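Peer 1:
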Amino acid sequence: MSDGSIGSRTRRGFIASTGVAAAGLLSGCAGSSGGSGSETVTFGTLTIPAVAEVLIAKDQGYFEERDITLEVERIQSAPQATPRLASGDLDTATGSIGASLFNSAAQDVDINVVADQTQYWTGQPSSNKVLIRPEKYEEGMSLSDVSGDFTIALHGQGNVDSVIWARLLQRNGMTWDDVQTKEILYTNMTGAMASGEIDAAAIPDPLGLGMVGETGAKRLLYASEVAPRMQIGVYLFGGPFANDRPEVARKWLEAYLLGVRDYYDMGGFPSDEVASIVAEEFDLPKGSIKSSVPSLPHKNGQVNTDSVATQQTYHSCHGTVEETVPVEDVVDLSHLEDALEEVGRVEDPQPSVETINEWGETAPAPYSELERTNPPADFPADSICQ
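For the sequence shown, the numbering used here assigns the number 260 to the initial residue and increments by one for each residue that follows.
(1) Take the Cβ of Thr621 as the centre, count every other Cβ of all protein chains shown within 10 Å, and call the residue buried at 16 or more, exposed below.
(2) Assuming the contact rule is C-beta atoms closer than 8 Å, Val589 and Phe302 should be a hit. Round their C-beta distance to whole Å, please.
(3) Would DSSP call Val331 helix, strand or coil?
(4) Candidates His594, Arg333 and Gln383: which alpha carbon is nearest Gly498's?
(5) CA-CA distance, Pro463 and Pro585?
(6) Could you compute how far the alpha carbon of Asp408 sits from the alpha carbon of Thr440?
(7) In the structure shown, what three-state DSSP assignment does Lys388 receive?
(8) In the structure shown, what three-state DSSP assignment does Tyr481 receive?
(9) Taking Ala534 as the reference, which of Arg520, Pro553, Leu517 and Ser566 has the closest Cα?
(10) Excluding sequence positions up to five away, which residues of its chain have a Cβ less than 7 Å from the Cβ of Ser401?
(11) Among the candidates Val562, Ser421, Phe638 and Leu512, whose CA atom is the shortest distance from the CA of Glu204?
(12) Could you name the residues of the same chain whose beta carbon sits closer than 8 Å to that of Leu413, not counting the 5 residues immediately before and after it, in chain order?
(13) For the segment 365 to 384 against the segment 492 to 510, are there 3 or more C-beta pairs whose distance is under 8 Å?
(14) Checking 8 Å against the spacing of the C-beta atoms, do Ser611 and Pro308 come in under that value?
(15) Tell me the DSSP secondary structure of Gln429 in three-state form.
(16) How about the segment 566 to 574 and the segment 346 to 366: do they share at least three Cβ pairs that are nearer than 8 Å?
(17) Mind checking whether Ala352 and Thr306 have CB atoms under 8 Å apart?
(18) Could you pull out every residue in the same chain whose Cβ sits closer than 7 Å to the Cβ of Thr579, ignoring the five residues on either side in sequence?
(19) Which of helix, strand or coil does DSSP assign to Gly294?
(20) Does the CB of Ala534 have a neighbour CB from chain B at under 8 Å?
(21) Can you tell which of Lys477, Asn559, Glu581 and Phe638 has its C-alpha closest to the C-alpha of Pro608?
(22) Under DSSP, the alpha helix (DSSP H) around Gln570 begins and ends at which residues?
(23) Can you give me the Cβ contacts of Thr434 inside the same chain, cut-off strictly under 8 Å, excluding the 5 residues immediately before and after it?
(24) How is the alpha helix (DSSP H) around Asp318 delimited, first residue to last?
(25) Answer yes or no: do Glu391 and Ala459 have a C-beta to C-beta separation smaller than 8 Å?
(26) Comparing C-alpha positions only, which one of Pro338, Val605, Ala640 and Arg509 sits nearest to Tyr678?
(27) For the beta strand (DSSP E) that Gly354 lies in, which residues bound it at each end?
(28) In angstroms with no decimal places, state the Cα-to-Cα distance between Val310 and Pro556.
(29) So for Val590, helix, strand or coil by DSSP?
(30) In this structure, what does DSSP give as the bridge partners for Gly303?
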C-alpha cells in the first residue's frame, strides 16, 4: 500500500417498515465511556467473515488508538437493528441492501449507509452461492429445468437474496409464479434443506459450506454470475451516533479503512491470522473461515450507488418498497471522506479479482473459477415485477 499511515501491526488482542414507531420505544445509551477518555461504540453484526476488516482493526488496536472501545453485538439482521440505530441504542451495524432500508429512508428514520462491506466485481467468484438440494439437482441443469414443486428459501421478501433470485428467474425466462418461496433466516436454511422443507437457497459462506457438508447440496452457480457489480453488504451509522458524535464516527471509519488495508496485506480469509481473528470473535471453526470465498471490499470504502439505485427499482416494482427515495437519502459518505483525509487514499482502490485466485493457492481447497458472467438484460423486467 502507498499509504504510510497504517500504523503498528504488532498488536493482537431493512430494516423494518415499522422502524419509526419502534425507534421511539427504545432509549439510547450511546456515548457511554469505555474507560478514561474512551468512547464506547457498539457494533451490531451477523456472524459473517465479511466484517473481517472491522475485527482486524479491533485486533490491531486501531480503535483503541483512537480512544474507541468497540463492543461487538450479535444481530440476526439489519432490519432488527434499525430501531436501535435510530434511537442511539446501537451506534453502527452491518447489513445487506434491502427494501426496509429504502422504506426507512422514506419514513425519515435516521440511519445511513456510510461505507462498503461487500460488493461483487465482474468475474469474481462470490461467497454467496445458489445451492440446490441434491434430490433436485442434475449435472448441467439450469433453473428453468426445475419442476413446479420447487421451493426457494428467502431470508426475506425484500432482502438482497430476493434480488439475486429475481435476476436468476428473469435470466431463465421465469417469474415468481414458477416457484414457491419460504422466508427463513440464513442460519436456519441448512436445517430446512435437510428436512426437505426447501429445495434451494442463495446463501453466503461459511453457512453455504455448512449446507453443502450437511445436506450434500450442489452449487448451481455463484450469485455474482447473475449479479456482477452488485452492492451486497454495507456499514450503517445511526443518526444519533453520526450527528451527535461526528468525530468519533470519523475515527471509527479511519480504523475500518486501516483494517481493510491490513485485510489485503494479510491475505484475506485463507490467512491463518485473519481466520483466527474472525473465528475467535465469532466462535466459528477456523477451517470454515479459511475455506470461504473471500470478499473484496473497496480499498477506500466506496459504495456502488448505481447498484443501490437498481435494487431500489426492483423492490419498488415488486411492491416491497412503496415510495422511492433519492440514493443520497440512503447513502452518506461524508464521514468516510473525512476519514480518508486523515488516513490517506489508496491510489488504485478497486481490487483485482485475480486476488481471489492468488489467495486460493493457500486455501484448504482451490476456489472454483467463475464459469461465466451472464446477468439478465434490462433488469428488472415487467414480468419479474408482478
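Where is the CB? At the ideal position from N, CA and C, for every residue including glycine. What you are looking at is a predicted structure, and each value in this text was computed from that prediction instead of being measured.
Peer 2: Looking at the coordinates:
(1) Residue numbering aside, residue 621 sits at position 362 when the sequence shown is read from its first letter. Thr621 should be labelled exposed.
(2) Reading the sequence shown from its first residue, position 330 is the one you call residue 589. Reading the sequence shown from its first residue, position 43 is the one you call residue 302. Actually they are not in contact, since the Cβ atoms of Val589 and Phe302 sit about 20 Å apart, beyond 8 Å.
(3) Taking the first residue of the sequence shown as 1, we reach residue 331 at position 72. Val331: strand per DSSP, three-state reduction.
(4) Taking the first residue of the sequence shown as position 1, residue 498 is located at position 239. Gly498 has its Cα closest to that of His594, out of His594, Arg333 and Gln383.
(5) Sequence index remark: in the sequence shown, residue 463 carries index 204 (1-based). Sequence index remark: in the sequence shown, residue 585 carries index 326 (1-based). Their Cα atoms are separated by approximately 29 Å.
(6) For the purposes of this step, residue 408 is identified with residue 149 of the sequence shown, where counting begins at 1. For the purposes of this step, residue 440 is identified with residue 181 of the sequence shown, where counting begins at 1. Asp408 and Thr440: Cα-Cα distance of roughly 11 Å.
(7) The sequence position of residue 388 within the sequence shown is 129, counting from 1. Three-state DSSP puts Lys388 in a strand.
(8) Your numbering for residue 481 matches position 222 in the sequence shown. Here Tyr481 carries a strand assignment [DSSP, helix/strand/coil].
(9) Sequence index remark: in the sequence shown, residue 534 carries index 275 (1-based). Residue Pro553 is the option with its Cα nearest to Ala534.
(10) Counted from its first residue, the sequence shown places residue 401 at position 142. Within the same chain, Ser401 has close Cβ partners Asn431.
(11) The structure shown does not extend to residue 204, since the chain spans only 260 to 645, so no value can be given for it.
(12) The residue you call residue 413 lines up with position 154 of the sequence shown. Around Leu413: Asp420, Ser421, Trp424, Thr440, Lys441, Glu442 and Ile443.
(13) yes
(14) By one-based count along the sequence shown, residue 611 stands at place 352. By one-based count along the sequence shown, residue 308 stands at place 49. No, the Cβ-Cβ distance between Ser611 and Pro308 is not below 8 Å.
(15) By 1-based counting over the sequence shown, the position of residue 429 is 170. The answer is helix: DSSP assigns Gln429 an H, G or I state.
(16) yes
(17) Start at 1 with the first residue of the sequence shown, and residue 352 comes out as number 93. Start at 1 with the first residue of the sequence shown, and residue 306 comes out as number 47. Result no, Cβ atoms of Ala352 and Thr306 do not sit closer than 8 Å.
(18) Sequence index remark: in the sequence shown, residue 579 carries index 320 (1-based). These residues qualify, in order along the chain: Ala358, Gln416 and Gly417.
(19) For the purposes of this step, residue 294 is taken as residue 35 along the sequence shown, with counting starting at 1. Residue placement at Gly294 cannot be trusted, given a pLDDT of 48 that sits under 50; what the coordinates show is reported in the next sentence. Residue state, collapsed to three classes: strand.
(20) In the structure shown, chain B does not exist; there is a single protein chain.
(21) Numbered from its first residue, the sequence shown carries residue 608 at position 349. It is Asn559.
(22) Locating residue 570 in the sequence shown gives position 311, counting from the first residue. Where Gln570 is concerned, the enclosing alpha helix (DSSP H) stretches over Thr564 to His577.
(23) As a working mapping, residue 434 is identified with position 175 in the sequence shown. Cβ neighbours of Thr434 beyond the five flanking positions: Leu428, Ser642, Ile643 and Gln645.
(24) As a first step, residue 318 must be located in the sequence shown, where it is residue number 59. First-last of the alpha helix (DSSP H) with Asp318: Ala311 to Gln319.
(25) By one-based count along the sequence shown, residue 391 stands at place 132. By one-based count along the sequence shown, residue 459 stands at place 200. Reading the sequence as shown, one finds Ile at residue 391 and not Glu. Yes.
(26) Absent from the structure is residue 678, since the part of the chain shown begins at 260 and ends at 645.
(27) Taking the sequence shown and counting its residues from 1, one reaches residue 354 at position 95. From DSSP, the beta strand (DSSP E) with Gly354 extends over Thr351 to Ser355.
(28) Counting from one through the sequence shown, the residue named residue 310 turns up at place 51. Counting from one through the sequence shown, the residue named residue 556 turns up at place 297. If you take the alpha carbons of Val310 and Pro556, they lie about 10 Å apart.
(29) Residue numbering aside, residue 590 sits at position 331 when the sequence shown is read from its first letter. In the structure shown, Val590 sits in a strand (DSSP, three-state: E or B).
(30) Taking the first residue of the sequence shown as position 1, residue 303 is located at position 44. According to DSSP, Gly303 bridges with Glu332 and Ala352.
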